[in-house]
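Undergrad: Read top to bottom, the protein sequences are chains X and A.
Just so it is clear: in the first sequence, position 214 is 217 by my numbering, and no numbers are missing.
Just so it is clear: in the second sequence, position 176 is 179 by my numbering, and no numbers are missing.
After the structure tokens below, expect a handful of questions from me.
Number of protein chains: 2
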Amino acid sequence: MSRKLTLVGVGPGDPELLTLKAVKAIANADVVTYPQKPGEASLALSIAEDHVAANAIRMPINVPMKVERGPAQRAYDEIAKAVEQCLADGKSVAYLCEGDPLFYGSAMYMIDRLPNAKIDIIPGITSLTAAASAVGRPLAARNETLKVLPAPLPSEKLMDELEQTQSAAIIKVGRHFDRIRDVLEKTGHAQSAVVVEYATQERQKITPLLEFSKDDRPYFSTILCYKGDEAWGM
Amino acid sequence: MSRKLTLVGVGPGDPELLTLKAVKAIANADVVTYPQKPGEASLALSIAEDHVAANAIRMPINVPMKVERGPAQRAYDEIAKAVEQCLADGKSVAYLCEGDPLFYGSAMYMIDRLPNAKIDIIPGITSLTAAASAVGRPLAARNETLKVLPAPLPSEKLMDELEQTQSAAIIKVGRHFDRIRDVLEKTGHAQSAVVVEYATQERQKITPLLEFSKDDRPYFSTILCYKGDEAWGM
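Following this line, the structure appears as structure tokens:
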């Protein structure tokens, strides 16, 4: 295990959705590192917590929440340097990543910063499939296209992508919620769209988009959109 | 556990990529059911095998591999009836599904066939994130769109979808491989496209698309496409 960095997908929130492989990597790590927002506990750590060795070193990454990318880049630069030092000292490091490391995850920022490190990657359950399981509705079936669309994209781009699409998931909704609702109403996806907040966590909440009160904002959410015949009809 | 159907995502192939939740559901099932192609062993069962209870009933689903959907539909009708009978007898049933049950999975066909059953769904690692982890390359980052495109779609539709897209995954490649290669060459994605066969399985094979010999065909594969700046640059 030593001198190796493992990027560990810890899944969407339910600790039971850790894979056997992730549990082993977490338990065997000399050092665990994980992003956290200033003043907030790390979700990734809380998911993995029960498996972290008692004598493991915990190395949180404080990621500034700014629109400009400089401060976050510097945080990842710093953690990469710290990880490199741990590896040089013969320690094994697990980078804990919510969801999957390579599906919009921050763990990927280690890959080009550590070109000489031995890096293993353990995939995790994404918020996407977690949301679908929570709702009990297929993401896509047979020969349907599935699109993952980050909400910060311009409305015109989102509408273009949604126009010809039955099945889509909107991620990173946050402060873009009102605009996204407008877009989905225009493209005909709003009727069947479902907002999934905190998928698989205890505070999970599922709300049809059109039932969301106009003053409300969803937290930590994915919106699943489906237009047309039901995907699971076979 | 009794009188409940659980749709269990067993992941892409590596049994270590089962989740803790899936392992429990498999171990506690009175009946396990799983699709298999005529004359082939079930991949889903082989992944879960070590956790199936010794006295569990095994109920394979023989899914005819035909282009027309009638024969497959009848197979799912039949298995739904058998599952219903198991539930009525007070048994718990686990439906084992490669990858994730709601991401192009067959398990979803149980949902509308068993409207009165209590159904739990356990998400699984998809072939998509498994392939990305195998290659060590991000699927998508920040505000990029990610498209999942089934290869049987017409070439024109695929080209339309790829034109404006940096990041895409082509699934269900099979006999469409030559056509897909042509499409990706035309849209500018071929240069960096990677073919991942049998992701996470022992026979896993990773080949740059352009290095595939013209007479060769990939098996059980996903093609990851990326055009533009590297996704993980931050």
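Glycine included, C-beta positions come from ideal geometry on N, C-alpha and C.
Label Y222 of chain A either buried or exposed according to how many other C-beta atoms from any shown protein chain fall within 10 Å of its C-beta, with 16 as the threshold for buried.
TA: Against the second sequence, residue 222 of chain A aligns to sequence position 219. Under this definition Y222 of chain A is an exposed residue.
Undergrad: Starting from Q39 of chain A, trace the beta strand (DSSP E) both ways and give me its first and last residue.
TA: If you number the second sequence from 1, residue 39 of chain A lands on position 36. Here the beta strand (DSSP E) through Q39 of chain A covers V34 to Q39.
Undergrad: For the beta strand (DSSP E) holding S170 of chain X, just list the boundary residues, first then last.
TA: The residue given as residue 170 of chain X occupies position 167 in the first sequence. Taken as a continuous stretch (DSSP letters only), the beta strand (DSSP E) holding S170 of chain X covers S170 to I174.
Undergrad: K3 of chain A touches chain X at which residues, Cβ-Cβ below 7 Å?
TA: Missing from the structure shown is residue 3 of chain A; chain A here goes from 4 to 237 and no further.
Undergrad: Can you tell me which residues form a DSSP beta bridge with P63 of chain X?
TA: Translated into positions along the first sequence, residue 63 of chain X becomes position 60. According to DSSP, P63 of chain X bridges with X:Y37.
Undergrad: Is the CB-CB distance between T36 of chain X and Y79 of chain X below 7 Å?
TA: Position 33 of the first sequence, counting from 1, holds the residue named residue 36 of chain X. Position 76 of the first sequence, counting from 1, holds the residue named residue 79 of chain X. Their beta carbons are not under 7 Å apart, which means T36 of chain X does not touch Y79 of chain X by this criterion.
Undergrad: Using a Cβ-Cβ cut-off of less than 8 Å, give me the residues of the stretch 16-44 of chain A that come near chain X, in sequence order.
TA: Here the close residues are D17, P18, E19, L20, L21, T22, L23, K24, V26 and K27.
Undergrad: Apply the 10 Å Cβ neighbour rule to A51 of chain X and answer buried if 16 or more other Cβ atoms are within range, or exposed otherwise.
TA: As a position in the first sequence, residue 51 of chain X is number 48, starting the count at 1. With 16 or more other Cβ atoms within 10 Å, it is buried.
Undergrad: Which parts of the stretch 68-145 of chain A are runs of the alpha helix (DSSP H), unbroken and 4 residues or longer, counting only runs that do not cross its ends?
TA: Listed in chain order, they are 73-91 and 130-138.
Undergrad: Buried or exposed: where does M68 of chain X fall if 16 or more other Cβ atoms within 10 Å of its Cβ makes it buried?
TA: On the first sequence, residue 68 of chain X is found 65 positions in, with the first residue counted as 1. Per the 10 Å Cβ criterion, exposed.
Undergrad: Ignore the nearest five residues each way along the sequence and tell me which others in F106 of chain A's own chain have a CB closer than 7 Å to its CB.
TA: As a working mapping, residue 106 of chain A is identified with position 103 in the second sequence. Correct list, in chain order: T129.
Undergrad: For T190 of chain A, return the contacting residues in chain X, with the cut-off set at a CB-CB distance below 8 Å.
TA: Position 187 of the second sequence, counting from 1, holds the residue named residue 190 of chain A. By Cβ distance, chain X contributes nothing, its closest Cβ being about 15 Å from T190 of chain A, past 8 Å.
Undergrad: Which same chain residues, not among the five before or five after I122 of chain A, have their C-beta less than 6 Å away from its C-beta?
TA: One-based indexing of the second sequence puts residue 122 of chain A at position 119. The residues are L8.
Undergrad: Can L23 of chain A and L21 of chain X be called in contact, C-beta distance under 7 Å?
TA: Against the second sequence, residue 23 of chain A aligns to sequence position 20. Against the first sequence, residue 21 of chain X aligns to sequence position 18. Closer than 7 Å, so yes.
Undergrad: In whole angstroms, give me the CA-to-CA distance for D181 of chain X and Q194 of chain A.
TA: Locating residue 181 of chain X in the first sequence gives position 178, where the first residue counts as 1. Locating residue 194 of chain A in the second sequence gives position 191, where the first residue counts as 1. Whole-angstrom Cα-Cα distance: 39 Å.
Undergrad: With a threshold of 7 Å between beta-carbons, can M62 of chain X be considered close to chain A, or not?
TA: Locating residue 62 of chain X in the first sequence gives position 59, where the first residue counts as 1. No, no contact with chain A.
Undergrad: Leaving out five residues before and five after E188 of chain A in sequence, what residues of the same chain have Cβ atoms less than 6 Å from its Cβ?
TA: To locate residue 188 of chain A, count along the second sequence from 1; it is residue 185. Answer for E188 of chain A: no residue qualifies.
Undergrad: Hey, is the stretch 77-92 of chain A in contact with the stretch 39-56 of chain A, meaning 3+ C-beta pairs nearer than 8 Å?
TA: No, they do not touch.
Undergrad: Where does S45 of chain A fall in DSSP's three states?
TA: As a position in the second sequence, residue 45 of chain A is number 42, starting the count at 1. Here S45 of chain A sits in coil by DSSP.
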